[in-house]
Amino acid sequence: MTPDTFTRSQWYAIGRLPDFEGAEAKPVRLLSQDLTVSDAAGVLSVNDADGRSLLTQIRYGHLWTTLSDTPRPLYDMPEFDEPDRRLVTVGGVGVRCSGLRCVENFLDMAHFPFVHTDILGVEEHPSVESYDVSMDAEKDEIWATKCKFFQPMASAAASGGQMTEYKYRVPHPYSTILYKTCPIREDVWDLVGLFIQPVEEDECIVHSFILVFDEENTDTGLLHFQQNIFLQDRMILENQVPRKLPLDPRWELPTRADASSIAYRRWLKANELQWGVALFNEAA
Amino acid sequence: MKLFDYVLSGNCYKIRLLLDFLELSHEKQAVDFFPGREHKSDAFLQINPLGQIPVLEDDGAYIRDAQAILVYLASRYDPTGTWWPVNDPSELGRVAQWLAFADSITSTASAARLHDVLGYDLDVAQARAGAHKLFRILDDHLANQELQGFNWIAGSNPTVADVACFPYVALAGDGGIELFYYPAIQRWIRRFVNLPRFKLMPGINIFN
Amino acid sequence: MIADNDIALWRGEDGQIRAWENRCPHRGMRLSYGIVRGNTLTCLYHGWSYDGAGACAGIPAHPDLTPPKTIRAKAYRAADSGGFIWVANPGETTAAPSIDGDWVPNRSVHIDQAPASLNELADGMGAGLMSKITDHAAIVRVPGVEGEILLAFLDMKEHGAMIHTSVPASASEDAAIAVSKLSTRLRQVFKASSAA
Chain Y
1 MTPDTFTRSQ WYAIGRLPDF EGAEAKPVRL LSQDLTVSDA AGVLSVNDAD GRSLLTQIRY
61 GHLWTTLSDT PRPLYDMPEF DEPDRRLVTV GGVGVRCSGL RCVENFLDMA HFPFVHTDIL
121 GVEEHPSVES YDVSMDAEKD EIWATKCKFF QPMASAAASG GQMTEYKYRV PHPYSTILYK
181 TCPIREDVWD LVGLFIQPVE EDECIVHSFI LVFDEENTDT GLLHFQQNIF LQDRMILENQ
241 VPRKLPLDPR WELPTRADAS SIAYRRWLKA NELQWGVALF NEAA
Chain C
285 MKLFDYVLSG NCYKIRLLLD FLELSHEKQA VDFFPGREHK SDAFLQINPL GQIPVLEDDG
345 AYIRDAQAIL VYLASRYDPT GTWWPVNDPS ELGRVAQWLA FADSITSTAS AARLHDVLGY
405 DLDVAQARAG AHKLFRILDD HLANQELQGF NWIAGSNPTV ADVACFPYVA LAGDGGIELF
465 YYPAIQRWIR RFVNLPRFKL MPGINIFN
Chain S
493 MIADNDIALW RGEDGQIRAW ENRCPHRGMR LSYGIVRGNT LTCLYHGWSY DGAGACAGIP
553 AHPDLTPPKT IRAKAYRAAD SGGFIWVANP GETTAAPSID GDWVPNRSVH IDQAPASLNE
613 LADGMGAGLM SKITDHAAIV RVPGVEGEIL LAFLDMKEHG AMIHTSVPAS ASEDAAIAVS
673 KLSTRLRQVF KASSAA
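Chains as they are written, first to last, in my numbering: chain Y, 1 to 284; chain C, 285 to 492; chain S, 493 to 688.
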C-alpha cells in the first residue's frame with residue numbers, strides 16, 4: 001500500500017544529528033522507501049532512490065524529512081527553548097510493529113503496574129481514574145489531561161512513590177509527548193516524547209527524547225532509565241497481534257482507561273489514515 | 285567493587301545476576317554504549333583496550349570479558365564453591381566448555397538483537413541461523429540432562445555456565461529468534477528465573 | 493501453533509490443560525506471555541485476568557467493574573493423554589484419543605520439515621508401527637530399544653514440525669535417553685533442502 005495523504009504529508013525524524021556526522025549516502029528507510037542522508041561540511045541533505053532531494057529541517061535534536069513537497073508544518077514545542085532544561089536524545093530503537101501501536105502504548109497508563117513494575121507503577125495501585133480527553137481543533141491535535149497515577153519511581157530524579165500528574169499530547173500520527181510533574185520544581189513540566197520513524201506498515205524505529213529539569217542524574221543515568229523503560233514496552237509491542245493497528249472497535253475491546261487510545265484511533269480514522277492500519281476482514 | 289555497566293547489555297546482565305546471586309555489594313558506572321559509543325572512547329579504551337563492556341574493577345584491578353569476570357567472582361567470593369566447582373574437575377571441565385559455548389551465543393543471538401533493537405549493520409539472517417543451530421544443541425543437552433535428573437547445564441547445581449548462557453538465550457526474542465521451538469530451553473528459563481535473588485531484564489518471557 | 497493458529501497453552505492449579513487463541517481481547521497481546529495464578533491466566537500487558545473457562549474475571553484499571561460477559565478468550569478443545577497435550581483443530585469434532593497405559597513425556601524436538609506421513613516418520617526413526625492412534629500419532633517399536641514408544645508429529649507448515657515422544661513410566665533411564673537421541677537424530681532426516 002502506498003501511504004495515504006495524511007501519512008505522506010508529515011515530517012518525520014530519521015535520526016539524531018550525531019548519527020549523520022560525516023555521512024556519505026547513509027541509507028535510511030521511511031514509509032517503505034529507501035532514502036540516503038549525506039553530510040557535506042555540516043549541511044545534511046536527504047535524497048530518495050531517484051536522486052530527488054527532499055525537504056529537511058533540524059529540530060528537537062533530530063534530522064527531519066518528508067516525502068511531501070507541501071508538508072503540514074511540524075508542531076511546536078516551545079519548551080525546547082527554555083533555559084536550564086536538559087535534553088537527552090535516547091537513540092533510535094527498532095520495533096517490529098506499526099509505529100501507531102507505539103503511540104497508543106505510550107498514551108496508556110493502565111500498563112504501568114504490569115510492564116513497568118516498581119518503576120512507573122505497582123500492582124497494588126493499578127486503578128486508572130477518569131481523565132479528560134480533548135481535541136485542539138485549531139492545531140488538530142489530541143490532549144489527554146488530568147491524568148493521575150501512583151508511581152513508585154516516576155523518573156530518574158524521583159525518590160519514593162508519589163501521585164504523578166500527567167498530560168499527553170498527540171500532535172502528529174507518529175509523535176507523542178508526555179508532560180509530567182517535575183519532581184524537583186513546581187509549576188513546570190518535564191517532557192518525554194517519541195518521534196517515530198515508520199519504516200514499513202508494521203515496522204518502525206522509535207527515537208525518543210527527555211527534556212527535563214534534573215540536577216542529580218548524569219545524562220547517561222537518564223539515558224539508561226529511559227532505554228530500560230522502552231525495552232520493557234518493546235517486548236509488549238512486538239507481541240501484539242496483529243502488528244498493524246486495528247481501528248475497528250469490534251476487534252479490540254477498550255475500557256474507560258483507554259479513552260486516549262479511543263480518541264487517537266478516531267482521529268486517525270477522521271484523517272483517513274490507512275497506512276499501518278489493520279483491516280477488520282484480515283482478522284479471520 | 286565497581287561494574288562498568290550498560291543497562292541493555294546481556295553480557296553486563298550476566299555480571300549483575302551473579303553479583304546478586306552471591307549478594308556482593310558493588311557500585312555501577314553507567315556507560316553510554318548506545319547511542320554514545322562511550323565504550324570506544326579514548327577514556328574507556330584506557331580501561332579496556334578491546335572497547336567492550338562489561339569491565340569489573342576490584343581491588344584496584346580491571347577485569348574484562350563477561351565469562352572471565354564470572355569465573356573471577358565465583359572463585360573469589362562464592363563460599364559454597366558450587367558456581368565454579370573447582371573441587372570437581374569433571375564438572376569444572378563441563379562448565380568451562382559451556383562458557384565457550386556462551387561466547388558463540390553472544391556472536392549470534394546477541395548480534396541479531398543488536399541489529400533488530402539498535403540498528404547495527406550486520407547479516408541478521410546469518411546471525412539468527414547460527415543462533416538456532418546453537419539453541420538446538422542446548423535444547424538437546426538440557427533435555428538429556430533432565431532425563432538423567434539434572435536441572436542445570438553442568439549438573440545438579442546452577443553454575444556460571446548457566447549464568448553465562450542465560451541472558452542471550454532468554455533475550456533471543458528481541459532479535460527475532462523464536463524460543464517456541466525449544467521446550468527444554470523454556471523449562472530451563474523457568475527454573476532460572478525462580479532462582480533466589482534473580483532479577484528480570486526487559487525482553488525476557490519467563491514462561492510462567 | 494495449530495493450522496496457522498497461534499495458541500497459548502496453560503495449566504492451572506486444578507491440573508486442567510487449556511488451549512486458547514494467543515491473543516488478549518483487549519489490546520491483542522499474546523497470552524503466552526501471561527502469568528498463571530491459581531486457576532486464572534493474567535495477561536502481561538494490563539493484568540486482565542481470565543478464568544479457566546476463558547471469561548474475563550478482572551480488569552485492574554477498574555477494580556470496581558464487573559467485566560462484561562462479552563470479554564472472553566477464544567478456547568480450543570484440549571486434553572492430556574499419553575503424556576502429550578492434544579489440541580483439536582477448529583473443525584475437529586472427535587474426542588482426544590484415550591491411550592492405554594502409563595506414559596511419561598520424553599522429548600519434543602523441532603525439525604525443519606514435516607514428514608509426509610506417519611509411515612515416513614517411523615521409517616525415518618527406524619521404527620516399526622505397532623498401532624496407529626491418529627494420522628499423526630502411533631505406538632512404535634525400535635529394534636534394540638527396550639519397550640514401546642508413543643510417537644506423534646505436528647505439521648507447522650513453513651515453521652517445520654514438532655516431533656513428540658513418550659515412553660512407558662516403567663522405562664529405564666537408558667531407554668529414555670536412547671529414545672531422546674532417536675528423536676534428535678530426526679533433525680538430520682527431515683532437513684530443509686536449503687538447510688539453515
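In this text, a Cβ means the ideal position worked out from N, Cα and C, and glycines have one as well.
Keep in mind it's a predicted model, so treat the numbers as computed, not measured.
| Item | Value |
| --- | --- |
| Chain Y within 7 angstroms of PRO597(S), Cβ atoms only | no |
| Span of the beta strand (DSSP E) around GLU203(Y) | 203-212 |
| Where LEU30(Y) meets chain C, residues with beta-carbon distance less than 7 angstroms | Result: empty, since nearest Cβ-Cβ is about 14 angstroms, beyond 7 angstroms. |
| Within 9 angstroms of chain C by C-beta, residues of the segment 144-170 of chain Y in sequence order | none |
| Ordered list of alpha helix (DSSP H) runs contained in the segment 300-382 of chain C, each at least 4 residues | 326-331, 350-361 |
| Assigned secondary structure, ASP556(S) (DSSP; H/G/I helix, E/B strand, else coil) | coil |
| Three or more C-beta pairs below 8 angstroms linking the segment 403-410 of chain C and the segment 345-360 of chain C | no |
| Cutoff 7 angstroms: HIS125(Y) Cβ touching any chain C Cβ | no |
| Whether GLY221(Y) touches ALA156(Y) by CB criterion (7 angstroms) | yes |
| Contact set between VAL528(S) and chain C, taken where Cβ atoms lie within less than 7 angstroms | ASN492 |
| is_contact[SER293(C), chain Y] using C-beta, thresh 7 angstroms | no |
| Cα-Cα separation, LEU479(C) to ASP289(C) | 22 angstroms |
| Cross-chain neighbours of ALA553(S) in chain Y, by beta carbon under 7 angstroms | ALA110, PRO126, SER127, VAL128, THR255, ALA257 |
| Reduced DSSP secondary structure (H/G/I, E/B, other) of ASN105(Y) | helix |
| Pick from GLY652(S), ASN581(S), GLY575(S), ASP496(S) that is closest to TYR568(S), judged by C-alpha positions | ASN581(S) |
| Classification of VAL241(Y) by the beta-carbon crowding that lies within 10 angstroms, buried from 16 upward | buried |
| The segment 296-314 of chain C: positions lying closer than 7 angstroms to chain Y by Cβ | ALA314 |
| Residue burial classification, ILE177(Y) (beta-carbon count within 10 angstroms, cutoff 16) | buried |
| Where TYR465(C) meets chain S, residues with beta-carbon distance less than 7 angstroms | HIS602 |
| Residue nearest to PRO152(Y) in terms of C-alpha spacing, selected from LYS146(Y), ALA144(Y), HIS125(Y), GLY161(Y) | GLY161(Y) |
| 4-residue-minimum alpha helix (DSSP H) runs that sit fully inside the segment 177-250 of chain Y, ordered along the chain | 219-237 |
| Min CB distance GLY487(C) to chain S below 7 angstroms | no |
| Chain-ordered neighbours of ASN228(Y) on chain C, where CB pairs are closer than 9 angstroms | VAL291, LEU292, MET485, PRO486 |
| Identity of the residues DSSP links to CYS296(C) by a beta bridge | Paired residues: none, contrary to the question. |
| Near-chain Y residues of the segment 495-523 of chain S - C-beta to any C-beta below 8 angstroms | ASP498, ASN514, ARG515, PRO517, HIS518, ARG519, GLY520, MET521, ARG522 |
| Within-7 angstroms CB hit, ASN428(C) to chain S | yes |
| Between the CA atoms of PHE317(C) and ASP326(C) - distance to the nearest angstrom | 14 angstroms |
| Closer than 8 angstroms at the beta carbon, the chain C residues around ARG679(S) | ARG420 |
| Within chain S, the residues that PHE114(Y) reaches when beta carbons sit closer than 7 angstroms | LEU536, TYR537, HIS538, GLY539 |
| Length-filtered (4 minimum) alpha helix (DSSP H) runs lying within the segment 109-142 of chain Y | 112-115 |
| Alpha-carbon to alpha-carbon, THR558(S) and GLY530(S) | 20 angstroms |
| Positions along the segment 233-249 of chain Y whose CB lies within less than 8 angstroms of some CB in chain D | Considering every chain present, this structure includes no chain D. Its protein chains are Y, C and S. |
| Length of the line joining the Cα atoms of TYR525(S) and ILE603(S) | 24 angstroms |
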